[in-house]
Structures are given as structure tokens and as C-alpha cells.
Amino acid sequence: HAYVSLGDKDGTVAEIALTTGEITGRIVIGRPLGPTMAARPGTTLLYIPADARAVYVFDVNRTDPDGKRLDPVRVGVMTTGHGPGSLRGVPVFSTPDPNDPGPKFLVLGEAAGLETMKLRAFRLPDAPDAAPEDSPATREITLPGWASFPPYCDGEKLAVVTDKGQFGLYGLKLAGNEDQDLFAFPAQPATHDPRLSRGQVVRAEEGAFWILAAGQLQRLRFGINAAEGVRLVPYGDPIPVGEPLHNPQVNASGDTFVVVTQEGMTCRATAVDATTGEVRWRRELGLMAKGDPLQIGGAVVILDQAGGFYRIDAKPLADRGGAAWLVDERWLVAQPARGFVTQSGLIPGPNNSVLAVMTGDGENAGKLLIRKLTGETLEERVMPLPAALAGQPTVAGPFLILPLANGTLYRYAIEGGRALEDGPSWRADRLPASAVCYLVPISDDELFATDGAKAVIRWRWPANTKLFEMQGRLTLQDRPAATPAFLAGSPPRLVMADSKGNLTMWDADRLRPPNLRAWRPGNGKYTVPPGAVHDGLHLENDAGGSARIVFQVGGQLVWLSPDAEAPKWIGPAPIKAVEGRPVIEAARILITDRAGVVRVVDKSTGRPTGDEFRLTGSHAFASAAVPVGPDRVLAPLADGTVVLGELKKPEPPVEKGAPEKAK
Numbered sequence: 034h035a036y037v038s039l040g041d042k043d044g045t046v047a048e049i050a051l052t053t054g055e056i057t058g059r060i061v062i063g064r065p066l067g068p069t070m071a072a073r074p075g076t077t078l079l080y081i082p083a084d085a086r087a088v089y090v091f092d093v094n095r096t097d098p099d100g101k102r103l104d105p106v107r108v109g110v111m112t113t114g115h116g117p118g119s120l121r122g123v124p125v126f127s128t129p130d131p132n133d134p135g136p137k138f139l140v141l142g143e144a145a146g147l148e149t150m151k152l153r154a155f156r157l158p159d160a161p162d163a164a165p166e167d168s169p170a171t172r173e174i175t176l177p178g179w180a181s182f183p184p185y186c187d188g189e190k191l192a193v194v195t196d197k198g199q200f201g202l203y204g205l206k207l208a209g210n211e212d213q214d215l216f217a218f219p220a221q222p223a224t225h226d227p228r229l230s231r232g233q234v235v236r237a238e239e240g241a242f243w244i245l246a247a248g249q250l251q252r253l254r255f256g257i258n259a260a261e262g263v264r265l266v267p268y269g270d271p272i273p274v275g276e277p278l279h280n281p282q283v284n285a286s287g288d289t290f291v292v293v294t295q296e297g298m299t300c301r302a303t304a305v306d307a308t309t310g311e312v313r314w315r316r317e318l319g320l321m322a323k324g325d326p327l328q329i330g331g332a333v334v335i336l337d338q339a340g341g342f343y344r345i346d347a348k349p350l351a352d353r354g355g356a357a358w359l360v361d362e363r364w365l366v367a368q369p370a371r372g373f374v375t376q377s378g379l380i381p382g383p384n385n386s387v388l389a390v391m392t393g394d395g396e397n398a399g400k401l402l403i404r405k406l407t408g409e410t411l412e413e414r415v416m417p418l419p420a421a422l423a424g425q426p427t428v429a430g431p432f433l434i435l436p437l438a439n440g441t442l443y444r445y446a447i448e449g450g451r452a453l454e455d456g457p458s459w460r461a462d463r464l465p466a467s468a469v470c471y472l473v474p475i476s477d478d479e480l481f482a483t484d485g486a487k488a489v490i491r492w493r494w495p496a497n498t499k500l501f502e503m504q505g506r507l508t509l510q511d512r513p514a515a516t517p518a519f520l521a522g523s524p525p526r527l528v529m530a531d532s533k534g535n536l537t538m539w540d541a542d543r544l545r546p547p548n549l550r551a552w553r554p555g556n557g558k559y560t561v562p563p564g565a566v567h568d569g570l571h572l573e574n575d576a577g578g579s580a581r582i583v584f585q586v587g588g589q590l591v592w593l594s595p596d597a598e599a600p601k602w603i604g605p606a607p608i609k610a611v612e613g614r615p616v617i618e619a620a621r622i623l624i625t626d627r628a629g630v631v632r633v634v635d636k637s638t639g640r641p642t643g644d645e646f647r648l649t650g651s652h653a654f655a656s657a658a659v660p661v662g663p664d665r666v667l668a669p670l671a672d673g674t675v676v677l678g679e680l681k682k683p684e685p686p687v688e689k690g691a692p693e694k695a696k
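The sequence shown begins at 34 in the working numbering and counts up one residue at a time.
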């Protein structure tokens with residue numbers, strides 16, 4: 034049987050038969066319970082800590098003379114006096130075999146304020162089936178930090194690692210000696226890293242321990258020092274792995290252990306040779322998408338939050354039927370970038386390439402990493418970063434343009450670039466560091482940049498020179514609040530969206546009043562839906578090849594001709610909220626909703642076609658879905674997997690009382 038706390042105010046523990054999954058009984062304590070329970074090895078006793086003050090002990094495997102199983106019965110209560118919510122980790126029993134000679138203890142880990150915890154040892158009866166003694170703790174030891182994983186205990190020693198990097202090693206009283214019930218050995222001092230990081234004892238060996246503290250695996254051995262006597266000393270170089278997420282696992286031969294850790298936005302499994310300390314392999318776990326996937330040629334490229342690139346061949350997926358949840362490590366064509374944080378989603382580059390912009394974290398602070406993927410070939414460059422990003426980078430011809438928070442535009446040569454080249458100042462005077470710059474390229478040599486206030490400036494910055502020149506400046510009545518749209522032609526036109534929801538169109542050469550057209554929030558002529566423009570203004574072509582301005586307001590897609598008085602259509606309202614950017618393909622538009630639905634909208638009318646894909650269970654989209662065939666979509670999920678879904682008409686609901694359709 035398994036015993037599961039329901040977490041209710043009555044302290045209910047459900048008894049579940051492992052063979053059938055049925056609930057066969059309940060234990061009701063009558064008060065809220067602590068975070069974990071523990072079964073004492075070699076006995077039929079279950080120790081159930083309450084949220085405060087006491088530990089209840091039940092015999093859960095009693096039978097009558099005929100062998101019939103009886104209900105669990107309480108055999109005792111230990112008055113521990115622990116505070117509400119103070120227990121840390123799983124209760125630990127000092128002896129793996131309760132029939133071994135010598136004193137026996139239950140060790141509880143408790144928080145002692147916000148900065149420390151304490152280990153408290155409670156004496157257990159010598160007879161395995163005897164009722165527990167209601168006596169106070171025989172020994173308490175305080176150590177810095179809190180433990181997130183249970184201590185290691187082999188009957189002689191107890192070891193624990195806290196989130197302050199403190200490794201504590203303690204001895205337990207044995208039969209025939211005069212030691213204290215719980216006493217401290219020399220231990221590794223806490224690290225000097227001020228950041229809290231979960232720690233754990235990974236493996237114990239004869240005279241040595243493997244521990245994970247402050248994000249690093251370290252082997253410690255007992256050594257003898259003339260001045261200090263026996264002490265623990267590091268052996269070998271530490272292995273950076275991140276914070277532990279699960280208990281470590283050891284293979285059957287005992288020569289390899291695996292830790293599952295998180296570092297930044299990356300989760301990985303790391304296998305280590307327990308003898309040599311060498312890393313045998315590392316594997317990223319799951320795919321946590323950053324931004325929306327991109328279709329590049331016949332593949333779908335996905336960027337994860339740690340900067341890894343996944344490339345998925347679309348054709349085999351288009352030929353599959355039904356829905357499937359997929360994970361394949363062969364998709365990972367570029368490993369995540371350790372020590373860097375992804376700042377942007379995928380940026381389309383020249384020659385079917387995609388770019389990712391990342392900034393350094395920790396020891397890499399003040400550095401910029403630009404990664405470019407072409408096919409399955411990765412190129413990357415690390416360079417100094419003068420300031421934080423202050424807007425979405427964009428590609429203009431052979432350059433990646435980046436607005437930085439120091440008020441300067443920088444560019445990076447996508448082919449063969451080695452460093453950032455500084456350019457014009459984009460930011461107006463006396464603006465906060467949080468001001469945002471919106472960019473829209475005009476050509477390889479020209480672009481528009483907003484100034485964080487109410488102006489937009491046209492800059493000429495030729496590729497063959499470091500010189501730049503202001504070509505014009507336009508001041509609006511209200512602050513720009515979205516990426517503008519540029520329409521080539523005669524005259525060229527610039528469309529701006531401001532913080533009040535107004536859209537205005539200007540002659541991009543003259544850049545002065547009057548405007549060519551304006552749309553105000555409301556209903557009627559020269560209006561657009563009220564609300565803030567989300568994710569910028571984008572240009573798409575209609576069936577006849579004419580440019581249309583496409584944007585989102587309140588989760589609804591708006592399709593607007595630059596020559597029309599009002600939008601041609603406004604798309605359906607979201608069920609819950611739109612996830613990512615709508616994907617426009619041929620005559621259809623795919624809209625991903627956080628309600629777990631991908632809907633197909635007719636590009637010419639803005640109306641749903643009725644085709645859709647619905648997630649089942651408790652899954653959630655992590656980004657927009659992209660098509661991989663006429664009736665297949667691919668979408669990253671929040672659990673680290675990718676779902677392949679089928680677009681189809683939903684089956685009509687069955688009315689109550691109606692006969693079921695024959696199968």
C-alpha cells in the first residue's frame with residue numbers, strides 16, 4: 034500500500050492499494066499535517082508528523098488470526114514541540130535495521146528562523162514494535178541555512194547540505210560508547226556565495242562524500258592535519274551542475290551516479306564516474322521555448338530559454354496521423370549557452386539563418402552572446418555589452434541592430450562580425466533607463482527609431498562607413514507604443530501606433546504634418562478597435578498581393594488596408610488569451626489560445642473555419658503553434674514537450690438522452 038496525505042485541514046491520509054489504485058482506507062489525524070511522512074524500515078510503523086508539535090505513529094499492516102487485514106491503529110504520539118510549518122525534509126531513522134543493537138533515533142530537521150535550521154534527535158524504543166516514547170529531544174544541533182533534501186544516514190553518521198552551502202557531518206551514539214546521542218564531526222565550511230542554492234548529499238563512500246553545494250558537485254575526503262586533526266578536505270576540482278531537483282540515482286554497479294539539476298532556465302541530467310570524478314555525459318531535459326517557433330525552409334526551429342536551438346524536420350510530422358506528444362534529443366542541434374540568458378525570441382536572419390541574442394549572467398555579466406544557426410551549423414560570438422537591451426533587436430540588411438539602455442544604437446555584422454559598432458543616439462533627454470526604443474528598417478542603409486518619448490527619427494547609416502546622418506524627425510502628440518510599419522511606394526509611408534490606441538500614417542520622406550490618414554479608437558469611419566496595440570504593427574499581403582497592416586488589440590487580430598477607412602475585418606475574440614503571434618500561411622491564419630485551442634481563421638474574412646486542435650488533460654501551450662502540413666500543427670508545451678496536433682472539425686456534443694453512435 035501507499036499512504037498519501039491529502040493536505041486538508043483534518044489531516045487525512047489516504048491508503049491506496051498499489052495493485053489496483055483503489056483507496057482502501059483512511060487515517061484521519063484531526064489536525065493539519067506536515068510536509069512529509071516516513072515509514073520506519075524493518076517495521077510496519079508509519080510516522081506522520083503534524084504541522085506542529087507532534088509526530089503520530091501508526092501500525093499500518095496488522096492482521097487478525099485468520100490473516101485478514103485490519104485497519105491501521107495508532108500506537109503512540111511523540112511530543113516534539115516543533116513550530117507550525119517548520120519541518121524541513123523527510124524524517125530520518127538512525128538505523129536501517131531496527132533489530133541492530135544500540136540506541137535508535139528519529140532525527141527531525143526544523144527551521145530555526147529564516148537563516149538557520151536545527152537537527153533534533155528523539156530516542157526510539159529498542160524493540161521495533163514497541164510504542165514510541167513521549168520524551169523531549171535528547172540532542173539539538175544548529176547549522177546555517179535550510180536543507181531541501183533529506184540527510185544521509187547509515188546508522189553511524191548523519192550528513193546534510195543546506196542552501197547556504199554548509200555541509201554538516203554528525204555522529205550517532207552507538208552501542209557500548211559514551212558519545213552524545215548526536216555530535217558534530219569536522220565539516221566543510223559554508224561557501225561564500227551569498228545566493229541561496231539547494232544542496233544535497235549525493236553519495237557516501239568509505240572515508241569520503243560527494244556533495245552538491247552552491248551549484249557545484251564536490252568530493253570531500255577525511256584528512257589529517259597536525260594542527261586541526263581529522264578534517265574533511267576537497268578532493269578534485271568541483272563540477273558546476275546547478276541546483277538539485279530530485280534525489281540522486283546510482284547505477285547497479287555503484288560506479289556511476291546521476292544528478293538532475295537546474296541552472297538558470299536549463300534542466301539537465303549529469304552522469305559522473307564515482308571513481309574518477311569525470312563527467313560521463315550531460316543531457317538537457319525538456320524544451321522550454323523562448324518566443325515562437327520559426328519555419329525555415331522545410332524545418333521548424335525552436336529556441337529554448339537557455340539559448341539552445343532545436344531543428345525539427347517538418348515532412349515526417351506532416352505524414353503522421355492524430356495527436357502525439359514528442360521529445361527527441363536529436364532535434365537539439367546547438368546546446369544551450371551556459372552562463373547566458375536569452376533576451377529575445379528567434380530573429381530571422383539572411384540566407385535562411387536565425388539569430389538569438391543573449392546576455393551574460395553571473396561570471397559572464399557584462400557580456401553579449403549572439404548565436405546564428407544556418408541549417409544545423411552554429412556560429413556564435415561573445416563580446417562586451419555596454420548596457421542592457423532597451424528594445425527588440427532587428428535585422429537591417431547585413432546587420433543586426435540593437436538599441437541599448439545607454440541611449441545608443443549598435444550594430445553587429447551578421448557575417449563575420451567580431452564586436453558591436455556604436456552608432457547614433459536614439460534616446461531623448463531626461464528619460465528613465467526603462468525607456469523603450471522601437472526599430473523598423475527601411476533598407477540596408479536606413480531605419481526608423483523611436484526616441485523613448487514622442488518622436489521617431491529616420492537615420493541613414495550606410496554599411497560601408499561608420500558615419501551616420503539624421504534624415505528627418507517626426508514628433509507625435511502621444512508616445513509611440515508599438516513597433517511601426519513601413520510601406521514602400523510613392524510616397525513611402527510610415528504607420529505609427531501610440532499609447533492611446535491611435536494609428537497615424539505619415540509621408541516617410543517629409544515627416545511633418547499633416548498626416549496622410551489617422552484611425553482613432555471607436556466605431557465608424559477612420560476607426561480601429563479601442564485598446565493598446567500588442568506585439569507591434571506587421572505587414573502582410575492579401576490574396577492580390579497588396580500590403581495590409583496586421584496587429585492585435587485585446588487579443589483580436591485586426592486586418593487593415595492602409596487606404597481604407599476602417600479594418601476589413603476584426604478576428605474572433607480570444608477564448609482565454611492569445612499565446613504568441615498569429616501565424617499567417619497562404620489563405621489561413623492560425624491563432625493559438627491559452628485555453629488549449631489552436632483555431633484556424635480564414636485570411637479573407639477573419640472568421641473561424643471551424644478547424645481546430647484542442648489539448649487534452651492539464652497541458653498548456655508555451656508559445657504559438659506552427660503548421661507542418663495541411664492539417665498538422667506543432668507547438669511547444671509548458672511541460673518541456675512538443676505536441677503534434679491534428680486540425681479538424683470538432684465533433685458535435687452528444688445530447689443527453691440521445692443514443693450513442695454505433696462504433
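We put the beta carbon where it would ideally sit given N, CA and C, even for glycine.
Residue 668 beta carbon less than 8 Å from that of residue 676: Within the sequence shown, residue 676 is the residue found at index 643, counting from 1. Within the sequence shown, residue 668 is the residue found at index 635, counting from 1. Between residue 676 and residue 668, the C-beta spacing is below 8 Å.
Nearest-angstrom Cα separation, counted from residue 275 out to residue 368: The residue labelled residue 368 in the question sits at position 335 within the sequence shown. The residue labelled residue 275 in the question sits at position 242 within the sequence shown. Distance between the alpha carbons of residue 368 and residue 275: 16 Å.
Nearest-angstrom beta carbon gap, residue 527 and residue 541 [assumed within contact, 8 Å]: For the purposes of this step, residue 541 is identified with residue 508 of the sequence shown, where counting begins at 1. For the purposes of this step, residue 527 is identified with residue 494 of the sequence shown, where counting begins at 1. Indeed they touch by this definition, with Cβ atoms about 4 Å apart.
Coil, strand or helix - residue 601 by DSSP: As a position in the sequence shown, residue 601 is number 568, starting the count at 1. Coil.
The stretch 170-190 / the stretch 142-162 touching (three or more Cβ pairs under 8 Å): yes
Element boundaries [alpha helix (DSSP H), containing residue 349]: Your numbering for residue 349 matches position 316 in the sequence shown. Its alpha helix (DSSP H) spans residues 347-351.
Residues bridged to residue 249 (per DSSP): One-based indexing of the sequence shown puts residue 249 at position 216. The partner list for residue 249 (beta bridge, DSSP) reads 246 and 273.
Any alpha helix (DSSP H) of 4 or more consecutive residues that is wholly inside the stretch 391-454: With a minimum length of 4 residues, no continuous alpha helix (DSSP H) run stays inside the stretch 391-454.
Candidates 591, 506 and 250: closest to residue 492 by CA position: The count along the sequence shown starts at 1 and reaches residue 492 at position 459. The shortest C-alpha separation from residue 492 is found at 506.
Three-state secondary structure (DSSP) of residue 362: Start at 1 with the first residue of the sequence shown, and residue 362 comes out as number 329. Residue 362 falls in the helix class under three-state DSSP.
Backbone CA spacing between residue 83 and residue 89 [nearest angstrom]: In the sequence shown, residue 83 corresponds to position 50, counting from 1. In the sequence shown, residue 89 corresponds to position 56, counting from 1. Approximately 7 Å between the Cα atoms of the pair.
Other residues of its chain near residue 630: CB distance less than 8 Å, five sequence neighbours each side excluded: For this step, residue 630 is matched to residue 597 along the sequence shown. Closer than 8 Å at Cβ, skipping near neighbours: 608, 645, 646, 647 and 648.
Beta carbon proximity, residue 536 to chain C, threshold 8 Å: In the structure shown, chain C does not exist; there is a single protein chain.
Under 8 Å between C-beta atoms of residue 427 and residue 472: Stepping through the sequence shown from its first residue, residue 427 is reached at position 394. Stepping through the sequence shown from its first residue, residue 472 is reached at position 439. Taking 8 Å as the Cβ cut-off, residue 427 and residue 472 qualify as a contacting pair.
Cα-Cα separation, residue 291 to residue 311: In the sequence shown, residue 291 corresponds to position 258, counting from 1. In the sequence shown, residue 311 corresponds to position 278, counting from 1. Residue 291 and residue 311 have their C-alpha atoms roughly 12 Å apart.
Three-way DSSP call (helix, strand, coil) for residue 301 in this model: Here the question's residue 301 lines up with position 268 in the sequence shown. Three-state result, residue 301: strand.
Limits of the unbroken beta strand (DSSP E) element including residue 127: By one-based count along the sequence shown, residue 127 stands at place 94. Element bounds for residue 127: n/a, residue is neither H nor E.
Buried versus exposed, by CB contacts within 10 Å (16 or more), residue 502: Residue 502 sits at position 469 when you count from the first residue of the sequence shown. Classification for residue 502: exposed.
Minimum length 4: unbroken alpha helix (DSSP H) runs contained in the stretch 297-341: none
Residue(s) in a DSSP beta bridge with residue 503: Here residue 503 corresponds to residue number 470 of the sequence shown, with the count starting at 1. Its beta-bridge partners are 492.
C-alpha distance - residue 678 paired with residue 351, whole-angstrom precision: Translated into positions along the sequence shown, residue 678 becomes position 645. Translated into positions along the sequence shown, residue 351 becomes position 318. Taking the straight line joining both Cα atoms gives about 10 Å.
Residues sharing a beta bridge with residue 233, DSSP: Along the sequence shown, one-based indexing puts residue 233 at 200. Answer is 245, bridged to residue 233.
Which residues DSSP lists as bridging residue 641, in chain order: Here the question's residue 641 lines up with position 608 in the sequence shown. Beta-bridge pairing links residue 641 to 634.
Alpha carbon of residue 54 to alpha carbon of residue 617, nearest angstrom: Translated into positions along the sequence shown, residue 54 becomes position 21. Translated into positions along the sequence shown, residue 617 becomes position 584. About 47 Å.
Expected contact under 8 Å - CB spacing of residue 75 and residue 131 to nearest Å: Numbered from its first residue, the sequence shown carries residue 75 at position 42. Numbered from its first residue, the sequence shown carries residue 131 at position 98. 5 Å between Cβ atoms; contact.
Same chain, Cβ closer than 7 Å to residue 246, five either side skipped, listed in chain order: Along the sequence shown, one-based indexing puts residue 246 at 213. Excluding sequence neighbours, residue 246 sits near 194, 198, 200, 224 and 232.
Rounded C-alpha distance that separates residue 135 from residue 238: Residue mapping note: residue 135 aligns to position 102 of the sequence shown, counting from 1. Residue mapping note: residue 238 aligns to position 205 of the sequence shown, counting from 1. Computed Cα separation, rounded: 23 Å.
Alpha-carbon spacing of residue 283 relative to residue 241, whole angstroms: In the sequence shown, the residue the question calls residue 283 occupies position 250. In the sequence shown, the residue the question calls residue 241 occupies position 208. Taking the straight line joining both Cα atoms gives about 16 Å.
Of the listed residues 59, 376 and 357, nearest to residue 336 (C-alpha basis): Indexing the sequence shown from 1 puts residue 336 at position 303. Considering only alpha carbons, the answer is 376.
Secondary structure of residue 497, DSSP reduced to three states: Here residue 497 is taken as the residue at index 464 of the sequence shown, counted from 1. Assignment of residue 497 by DSSP, reduced to helix, strand and coil, places it in the coil class.
Distance CB(residue 72)-CB(residue 79) smaller than 8 Å: By one-based count along the sequence shown, residue 72 stands at place 39. By one-based count along the sequence shown, residue 79 stands at place 46. In contact: residue 72 and residue 79 (Cβ atoms closer than 8 Å).
Beta-carbon spacing of residue 437, residue 420 below 8 Å: As a first step, residue 437 is located in the sequence shown; it is residue number 404 there, counting from the start. As a first step, residue 420 is located in the sequence shown; it is residue number 387 there, counting from the start. The answer is yes: Cβ separation under 8 Å.
Residue nearest to residue 596 in terms of C-alpha spacing, selected from 606, 610, 581 and 605: Here residue 596 is taken as the residue at index 563 of the sequence shown, counted from 1. Nearest of 606, 610, 581 and 605 to residue 596, Cα basis: 581.
Residue 585: first and last residue of the uninterrupted beta strand (DSSP E) it sits in: Counting from 1 along the sequence shown, the entry for residue 585 is found at position 552. Looking at the DSSP string, the run of the beta strand (DSSP E) that includes residue 585 is 580-586.
Separation of residue 137 from residue 127, as counted between CA atoms: On the sequence shown, position 94 is the one that residue 127 refers to. On the sequence shown, position 104 is the one that residue 137 refers to. Distance between the alpha carbons of residue 127 and residue 137: 6 Å.
As assigned by DSSP and simplified to three states, the class of residue 295: Taking the sequence shown and counting its residues from 1, one reaches residue 295 at position 262. The answer is strand: DSSP assigns residue 295 an E or B state.
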